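Trainee: The opening residue of the sequence shown carries number 1013 in this note's numbering; numbering runs sequentially from there. Have a look at this one.
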Amino acid sequence: MSQGNRGVVYKGPGKVAVESIPFPELSLGKRKCEHGVILKVITTNICGSDQHMVRGRTTAPEGLVLGHEITGEVIECGRDVEFLSVGDIVSVPFNIACGRCRNCKEGQTGICLNVNPARPGAAYGYVDMGGWVGGQTEYVMVPYADFNLLKFPDREQSMEKIGDLTLLSDIFPTGFHGCYTAGVGPGSTVYIAGAGPVGLAAAVSAQLLGAACVIVGDMNPERLEQARKFGCETLDLRQDTPMADMLEPILGEREVDSAVDAVGFEARCHGHNHAHEQPATVLNACMDITRAGGRLVFLAFTSLKTRAPLPAKPGWVTCPCASGWVGLSRTPSIPVNVQ
Ligand SMILES: NC(=O)c1ccc[n+]([C@@H]2O[C@H](COP(=O)([O-])OP(=O)(O)OC[C@H]3O[C@@H](n4cnc5c(N)ncnc54)[C@H](O)[C@@H]3O)[C@@H](O)[C@H]2O)c1
Ligand SMILES: [Zn+2]
Ligand SMILES: [Zn+2]
């Protein structure tokens, strides 16, 4: 089968274009990819992670076909695909995983050992993640399809809710993974930095996990309003008030049990300087307001410079690591979707 295809192509900082691209083939280099499928893309999202690339803040190569949040319909199956059929509607976890290596078997699909020759972990349409063609396209190839794809059981029902289901490819599992990994549970208190799609998904996840109080901070009043609509407390970080002083009237104490960074290295300052970027802001804020022994999770892309006192600069943060242990987290979407 061969027909036209179009995709969103990164053309350099600040520039993307919809261009004709090759129709995907069931192949990996010269080898036939019998475990793969070709999807007709139904829905996709633009992620905060795409924005880092498009703003020229990464080493993404020009010509990269973007898009890692894919929902589609199977239109062709390789010979070895056993549990999917043409016509199935599926969600595609953004991390590509083989399902066969040690990490995949342990549920760490975000760091599969077999899908990126340069380093563990791969994604569609993403810098340094294996060079896979992305899915902000009409058609895309998905390898190891039986393992990777989440099939929706009912075609009609899934099409009715397809906008919501689109969140399963990245945004929702990322938010859930953040809160789960941060130990959010019944009765706990959590601060979510960032009220973008990932932050709001983390906030909903914290509620699902039983948090007593979910506090979301951002400088964007419309996004904070959205968080309040489903029962979160909010911190408007345009204010110069120290965060602990804002927490106290909400919680009766100046600390939370855990904190999740859903902002990343393009973080801006708190207070009157809130239009200025200060990459370390969220990392430092989370450390300041999380109780001793509490957990911090950094979902977003943050480069750590472990030795202070180098000043923070774009792409680097000044990190007083003596204050706590820091772990970076790349969401393993498949286990989260299974949960
Ligand atoms: N780990 C993963 O697997 C994974 C998956 C998806 C996205 N991400 C990352 O998550 C981050 C968020 O994604 P998104 O799509 O929600 O992005 P987004 O850009 O829509 O949202 C980021 C929000 O952070 C706010 N913000 C800026 N500085 C802040 C600060 N100091 N404190 C609090 N809020 C601040 C912005 O106003 C904005 O509303 C991105 O960095 C993205 O790369 C990671
Ligand atoms: Zn994403
Ligand atoms: Zn693997």
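Virtual Cβ for every residue (Gly too), placed ideally from N, Cα, C. Model, not experiment: these values are computed from the prediction.
Among residues of its own chain, excluding the 5 on either side of glutamate 1088, which ones have a beta-carbon nearer than 8 Å to its beta-carbon?
Mentor: Around glutamate 1088: Met1013, Leu1038, Val1049, Ile1050 and Val1098.
Trainee: Which word fits phenylalanine 1106, buried or exposed, when buried means at least 16 other C-beta atoms lie within 10 angstroms of its C-beta?
Mentor: Buried: at least 16 other Cβ atoms inside 10 Å.
Trainee: Span of the alpha helix (DSSP H) holding cysteine 1191?
Mentor: Cysteine 1191 -> alpha helix (DSSP H) spans 1183-1193.
Trainee: What residues in its chain sit with their C-beta under 6 Å from that of glycine 1068, if we drop five residues either side in the sequence?
Mentor: If we look at glycine 1068 and ignore the five residues flanking it on each side, its Cβ neighbours are Pro1025.
Trainee: What do you get for glycine 1306, buried or exposed, if any count of 16 or more other CB atoms within 10 angstroms of its CB means buried?
Mentor: The residue is buried, with at least 16 neighbouring Cβ atoms inside 10 Å.
Trainee: State the beta-bridge partners of threonine 1055 as determined by DSSP.
Mentor: Thr1083.
Trainee: Can you list, in chain order, the residues of its chain whose CB lies under 6 Å from that of arginine 1235, leaving out five sequence neighbours each side?
Mentor: Hits under 6 Å: Ala1207.
Trainee: May I ask you to report which of helix, strand or coil DSSP gives lysine 1023?
Mentor: It is a strand residue.
Trainee: Pull up the DSSP beta-bridge partners for cysteine 1225, would you.
Mentor: The partner list for cysteine 1225 (beta bridge, DSSP) reads Thr1201.
Trainee: By Cβ distance below 8 Å, which residues in the same chain neighbour aspartate 1284 in space, the five residues on each side in sequence not counted?
Mentor: Note that residue 1284 corresponds to histidine in the displayed sequence, not to aspartate. Arg1250 and Asp1252.
Trainee: What's the gap between the Cα of glycine 1084 and the Cα of isoleucine 1054?
Mentor: Going from the Cα of glycine 1084 to the Cα of isoleucine 1054 covers about 5 Å.
Trainee: Ligand 3 heavy atoms versus the CB of cysteine 1281: any closer than 7 Å?
Mentor: Result no, Cβ not under 7 Å from ligand 3.
Trainee: Considering only heavy atoms of ligand 1, does any lie closer than 7 Å to the CB of cysteine 1059?
Mentor: Within the cutoff, so yes.
Trainee: Taking the straight line between their C-alpha atoms, what separation do you get for lysine 1027 and tyrosine 1138?
Mentor: The straight-line gap from Cα to Cα measures roughly 16 Å.
Trainee: For the alpha helix (DSSP H) containing phenylalanine 1159, list its first residue and its last residue.
Mentor: First-last of the alpha helix (DSSP H) with phenylalanine 1159: 1157-1160.
Trainee: Put valine 1216 into one of helix, strand or coil per three-state DSSP.
Mentor: Residue state, collapsed to three classes: helix.
Trainee: Using 8 Å as the limit for Cβ to Cβ distance, is glutamine 1015 near chain C?
Mentor: Here chain C cannot be found, since the structure has a single protein chain.
Trainee: Between the alpha carbons of asparagine 1126 and aspartate 1158, how many angstroms are there, rounded?
Mentor: Roughly 16 Å separates the two Cα atoms.
Trainee: What is the rounded straight-line gap between the Cα of proline 1034 and the Cα of leucine 1040?
Mentor: Each residue's Cα considered, the two are about 14 Å apart.
Trainee: Would you mind reading off the limits of the beta strand (DSSP E) that contains glutamate 1245?
Mentor: First-last of the beta strand (DSSP E) with glutamate 1245: 1245-1248.
Trainee: Tell me the DSSP secondary structure of serine 1061 in three-state form.
Mentor: Here serine 1061 sits in helix by DSSP.
Trainee: Going by DSSP in three states, asparagine 1107 sits in which element: helix, strand or coil?
Mentor: The answer is strand: DSSP assigns asparagine 1107 an E or B state.
Trainee: Return the chain-ordered list of same chain residues with a C-beta closer than 6 Å to the C-beta of threonine 1056, the five sequence neighbours on each side being excluded.
Mentor: Within the same chain, threonine 1056 has close Cβ partners Gly1079, Glu1081, Ile1082, Gly1147 and Gln1148.
Trainee: By DSSP, does methionine 1141 sit in helix, in strand, or in coil?
Mentor: Methionine 1141: coil per DSSP, three-state reduction.
Trainee: Assuming leucine 1177 is part of the beta strand (DSSP E), what are its boundary residues?
Mentor: Segment 1174-1177 is the alpha helix (DSSP H) holding leucine 1177; no beta strand (DSSP E) there.
Trainee: Does DSSP classify alanine 1239 as helix, strand or coil?
Mentor: Reduced to three states, the DSSP call for alanine 1239 is helix.
Trainee: With a threshold of 7 Å (Cβ to nearest heavy atom), would glycine 1190 be considered close to ligand 3?
Mentor: No, Cβ of glycine 1190 sits at least 7 Å from all heavy atoms of ligand 3.
Trainee: May I ask you to verify whether the stretch 1262-1281 touches the stretch 1196-1203, counting CB pairs closer than 8 Å and requiring at least 3?
Mentor: Cβ pair count under 8 Å is three or more, so yes.
Trainee: For aspartate 1100, which residues from the same chain have a beta carbon less than 6 Å from its beta carbon, with the 5 sequence-adjacent residues on both sides left out?
Mentor: Val1086 and Lys1163.
Trainee: For histidine 1282, does the count of other Cβ atoms within 10 angstroms reach 16, so buried, or fall short, so exposed?
Mentor: Counting Cβ neighbours within 10 Å, histidine 1282 comes out buried, since at least 16 surround it.
Trainee: Between the C-alpha atoms of valine 1272 and asparagine 1128, what's the straight-line distance to the nearest angstrom?
Mentor: Those two C-alpha atoms are separated by around 28 Å.
Trainee: Does the distance from the CB of leucine 1311 to the CB of threonine 1121 come in under 8 Å?
Mentor: Against a cut-off of 8 Å, the Cβ pair of threonine 1121 and leucine 1311 comes out as no contact.
Trainee: What is the rounded straight-line gap between the Cα of valine 1145 and the Cα of valine 1066?
Mentor: Their backbone Cα atoms lie some 16 Å apart in a straight line.
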